[in-house]
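Trainee: Quick one: the structure is below, and I'll ask about it shortly.
Below, the structure is given as structure tokens:
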């Protein structure tokens, strides 16, 4: 009997498989819980809104920890957007390690799914931890749309541009609309046929910013018809992030390196 009990205790110290999905309560439904916190903030429509963008935390655990310390010490923002590739290999352990750092932020964070996040059984893990792949939320007179653009990993069925257009149609009364996705439309992994319509939608509905990660380096450009700015955040390994300031319809940003 004693040997049997010891063997059970030993088993509890190990994961049975790297693909196992065992989550603590604070590791479940992170996006929706944090969106609730964001929407509960005492912000009026006329208040200045600040939010932070970073991306590609995949495996950069030391830099992620430094990023959190830097932001907590120097920035006052309502929330942080994580632009995908939370992980390298889509494993639950990786997701949990990144969340262990980001949950120490003095602000809520919301993550969009990246292509690395859905390899192995990453789709299952991401949905268990963060929720739906396509979501939107509002803060005052601002709307944020998070879109899955991992075209190859979803058998060329995404991005769901019909869903996106319905979200944009319902945004006419907002001062600003921000669309966040991991892969930008200039990359072939977005899907050429999908990119054409996406670009048209951004311009047609006067999106304020198209925000992305994936390429690991900061980039800011006005492509296509020159109406909508596209911004790509550097990976956390670059020790930088972007702070947006929104005052009515006036949106500015600063690139912070540390």
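Numbering (our numbering), first residue to last: 7 to 264.
Every residue gets a Cβ at the ideal spot worked out from N, C-alpha and C, and that includes glycine.
This one's a predicted model, so the numbers in the text were calculated from it and none came from an experiment.
(1) Which of the three DSSP states is assigned to residue 209 in this structure?
(2) Tell me whether residue 214 is buried or exposed, calling it buried when 16 or more other Cβ atoms sit within 10 Å of its Cβ.
(3) Is the separation between the beta-carbon of residue 190 and that of residue 196 shorter than 8 Å?
(4) Three-state secondary structure (DSSP) at residue 32?
(5) Can you tell me where the alpha helix (DSSP H) holding residue 168 begins and where it ends?
(6) Would you call the region 227 to 236 and the region 115 to 128 touching, i.e. three or more CB-CB distances under 8 Å?
(7) Within 10 angstroms of its Cβ, does residue 115 collect 16 or more other Cβ (buried), or is it exposed?
(8) Any idea what DSSP makes of residue 39, helix, strand or coil?
(9) Under a three-way DSSP split, which group does residue 251 fall into?
(10) Taking the alpha-carbon positions, what's the residue 23 to residue 99 distance?
(11) Give the straight-line distance between the Cα atoms of residue 216 and residue 186, rounded to the nearest whole angstrom.
Mentor: This is what the structure holds:
(1) helix
(2) buried
(3) yes
(4) helix
(5) 167 to 175
(6) no
(7) buried
(8) helix
(9) strand
(10) 10 Å
(11) 6 Å
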